[in-house]
Amino acid sequence: MMNSQFETLLVESDGPVLVVTINRPKALNALNQQVLTELLRLSDALKDSSLVRAVVLTGAGEKAFVAGADIAAMAAMQPAEALGFAELGHRVMDSLESLPQPVIAAVNGFALGGGMELAMSCDILLAAENARFGQPEVNIGVMPGFGGSQRLPRRVPFGMAAEILLSGDNLTAAEALRIGLVNRVLPQSELLTESKKLAHKIASRAPVAVAKTKQALHTSRQGSLADGNAQERQLFSELFATADQKEGMRAFLDKRPPSYQGK
Ligand code: CAA
């Protein structure tokens with residue numbers, strides 16, 4: 002993954018962890034067509050990468066993660082164009098969510114509208130103390146278009162989702178922590194370090210096992226318990242065909258750390 006492939010993203014490898022920074026600080030990292038297209042391209046490349054085991058997603062600067070979809074780009078849209086824009090946004094969010102690698106959102110400031118939707122397409126959200134969350138679309142005459150009306154009520158209690166979506170008000174990091182939207186609130190200066198630390202921990206686990214666990218985790222939000230358990234049994238059994246299952250269990254019995262190959 003090379004920086005030269007992208008104009009609006011910075012990508013930096015830290016061993017098996019890839020740190021992706023949305024880099025349009027002048028527009029508070031707002032998501033326009035170009036950012037979305039580049040995120041999709043990055044995600045397509047990542048899903049086949051055996052070098053990257055976990056991803057940290059953040060925003061450039063100390064003020065914003067992503068302040069939303071680009072309002073200047075949307076202002077003159079007609080319905081058909083808006084549908085295409087939402088379809089692109091949905092493809093990006095779905096694609097990040099279905100990556101085999103876990104993705105941690107390091108929310109370093111405003112995560113509003115499309116920015117909150119992007120954070121919610123990540124598996125785990127960590128927030129800086131100055132982070133602010135909200136779905137302010139109703140304030141500007143629209144509604145969430147990148148999955149917010151669907152992912153938010155799957156992440157927080159229904160009534161909280163309703164208040165956030167219908168009032169358009171922002172939440173502080175402490176409020177986001179209280180409703181369980183974010184796992185931890187950290188000083189801005191520690192956010193990236195702690196996010197990378199968690200990513201490295203995940204990256205040290207058996208990669209195929211992590212990928213299948215992520216798959217099962219996301220299935221749990223869709224179908225019935227019976228269907229989810231059927232998939233879990235299937236994925237569980239498939240892991241017994243991996244070298245890493247043999248290694249992980251042998252290492253435990255030998256009382257030594259495991260050495261995983263990702264197969
Ligand atoms: N789109 C385009 N540009 C944006 C932007 C956005 N979502 N958010 C901020 N910017 C731009 C501002 O226009 C401004 O540009 P200029 O310097 O050229 O004027 C620059 O970023 C800095 O922003 P502000 O001067 O507004 O900074 P502030 O500190 O006064 O306020 C803020 C910060 C509260 C985040 C404010 O910028 C804001 O309210 N932004 C919009 C938030 C929003 O409504 N997001 C939802 C968009 S709709 C959506 O996302 C739909 C969807 O689901 C697909």
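If you read the sequence shown in my numbering, its first letter stands for residue 2, the second for the next number, and so on.
Yeah, the Cβ is synthetic: ideal placement off N, Cα and C, and Gly gets one too.
What you are looking at is a predicted structure, and each value in this text was computed from that prediction instead of being measured.
Stretch pair the region 63-78 + the region 212-225: three plus CB contacts closer than 8 Å | no
Any non-hydrogen atom of the ligand CAA within 7 Å of ASP71 CB = Along the sequence shown, one-based indexing puts residue 71 at 70. The answer is yes for ASP71.
C-beta contact flag for ALA210 and LEU254 at 8 Å = Counted from its first residue, the sequence shown places residue 210 at position 209. Counted from its first residue, the sequence shown places residue 254 at position 253. No. Outside cutoff.
What distance in whole Å lies between the Cβ atoms of THR59 and GLN35, which are believed to be in contact at a cut-off of 8 Å?
-> For this step, residue 35 is matched to residue 34 along the sequence shown. For this step, residue 59 is matched to residue 58 along the sequence shown. About 18 Å; that fails the 8 Å criterion.
For ARG133, which residues from the same chain have a beta carbon less than 8 Å from its beta carbon, with the 5 sequence-adjacent residues on both sides left out?
-> Within the sequence shown, residue 133 is the residue found at index 132, counting from 1. Listed in chain order, the non-local C-beta contacts of ARG133 below 8 Å within the same chain comprise GLY110, PHE111, ALA112, LEU113, ASN171, LEU172, THR173, ALA174, local neighbours out to five positions each way being set aside.
Could you pull the start and end residues of the alpha helix (DSSP H) that ILE72 belongs to?
-> For this step, residue 72 is matched to residue 71 along the sequence shown. Run containing ILE72: 72-75, per the alpha helix (DSSP H) assignment.
May I have the straight-line CA-CA distance separating ALA163 from PRO154, to the nearest angstrom?
-> Numbered from 1 along the sequence shown, position 162 holds the residue referred to as residue 163. Numbered from 1 along the sequence shown, position 153 holds the residue referred to as residue 154. About 8 Å.
Starting from the N-terminal side, write out each stretch of the alpha helix (DSSP H) that is 4 residues or longer and does not extend beyond the region 174-205.
-> 174-179, 189-204
With C-beta atoms as the reference, is PRO145 less than 8 Å away from LEU178?
-> For the purposes of this step, residue 145 is taken as residue 144 along the sequence shown, with counting starting at 1. For the purposes of this step, residue 178 is taken as residue 177 along the sequence shown, with counting starting at 1. Against a cut-off of 8 Å, the Cβ pair of LEU178 and PRO145 comes out as no contact.
Simplified DSSP state of PHE111, which is helix, strand or coil | Indexing the sequence shown from 1 puts residue 111 at position 110. Strand.
What are the complete beta strand (DSSP E) segments, minimum 3 residues, inside the region 111-146?
-> The beta strand (DSSP E) runs lying completely inside the region 111-146 and spanning 3 residues or more are 111-113, 125-129, 133-135, given in chain order.
Which one of ALA128, GLY142, GLY149, ASP124 has the shortest CA to CA distance from GLN136?
-> Against the sequence shown, residue 136 aligns to sequence position 135. Among ALA128, GLY142, GLY149, ASP124, the Cα nearest to that of GLN136 belongs to GLY149.
CB of LEU166 to nearest heavy atom of the ligand CAA: below 7 Å?
-> Indexing the sequence shown from 1 puts residue 166 at position 165. No.
If you run the structure through DSSP and keep just helix, strand and coil, what is SER99?
-> What you label residue 99 is simply residue 98 of the sequence shown in a count that begins at 1. Correct three-state label for SER99: coil.
Report yes if the CB atom of ALA77 is closer than 8 Å to the CB atom of VAL108, and no otherwise.
-> Counting from 1 along the sequence shown, the entry for residue 77 is found at position 76. Counting from 1 along the sequence shown, the entry for residue 108 is found at position 107. Taking 8 Å as the Cβ cut-off, ALA77 and VAL108 do not qualify as a contacting pair.
The ligand CAA heavy atom lying under 7 Å from the CB of PRO137 = Indexing the sequence shown from 1 puts residue 137 at position 136. Under cutoff, so the answer is yes.
Does the Cβ-Cβ distance between LEU100 and LYS48 come in under 8 Å?
-> The count along the sequence shown starts at 1 and reaches residue 100 at position 99. The count along the sequence shown starts at 1 and reaches residue 48 at position 47. Yes, the pair counts as a contact, with Cβ atoms nearer than the cut-off.
What is the C-beta distance between ALA55 and ILE180, in whole angstroms, given that I count them as a contact (C-beta under 8 Å)?
-> Your numbering for residue 55 matches position 54 in the sequence shown. Your numbering for residue 180 matches position 179 in the sequence shown. 25 Å between Cβ atoms; not a contact.
Residue of LEU52, ALA81, HIS91, GLY116 minimising C-alpha distance to ASN24 = Counting from 1 along the sequence shown, the entry for residue 24 is found at position 23. Comparing Cα-Cα distances from ASN24 to each of LEU52, ALA81, HIS91, GLY116, the minimum goes to GLY116.
Backbone secondary structure at VAL36 - three-state DSSP = Translated into positions along the sequence shown, residue 36 becomes position 35. Reduced to three states, the DSSP call for VAL36 is helix.
Would you please state the rounded distance, in angstroms, between the beta carbons of ARG156 and LEU182? I believe it to be under 8 Å.
-> Taking the first residue of the sequence shown as 1, we reach residue 156 at position 155. Taking the first residue of the sequence shown as 1, we reach residue 182 at position 181. Contact between ARG156 and LEU182 holds: their C-beta atoms lie close to 6 Å from each other, under 8 Å.
Please go through the same chain and pick out, in chain order, the residues whose beta-carbon is closer than 7 Å to the beta-carbon of GLU63, but skip the five residues on each side of it.
-> Along the sequence shown, read from residue 1 onward, the residue named residue 63 stands at position 62. ASN109, GLY110, GLN189.
Which of the three DSSP states, helix, strand or coil, is assigned to ALA242?
-> Stepping through the sequence shown from its first residue, residue 242 is reached at position 241. Reduced to three states, the DSSP call for ALA242 is coil.
Is there at least one non-hydrogen atom of the ligand CAA closer than 7 Å to the beta-carbon of PHE147?
-> On the sequence shown, residue 147 is found 146 positions in, with the first residue counted as 1. Flag set: Cβ of PHE147 near the ligand CAA.
Integer-rounded CB distance, given that ASP124 should sit under 8 Å from VAL104 | Your numbering for residue 104 matches position 103 in the sequence shown. Your numbering for residue 124 matches position 123 in the sequence shown. VAL104 to ASP124, Cβ: 6 Å. Contact.
Determine which residues share a DSSP beta bridge with GLU13 and list them.
-> Position 12 of the sequence shown, counted from the first residue, corresponds to residue 13. GLU13 is bridged to VAL20.
As assigned by DSSP and simplified to three states, the class of GLY60 | As a first step, residue 60 is located in the sequence shown; it is residue number 59 there, counting from the start. GLY60: strand per DSSP, three-state reduction.
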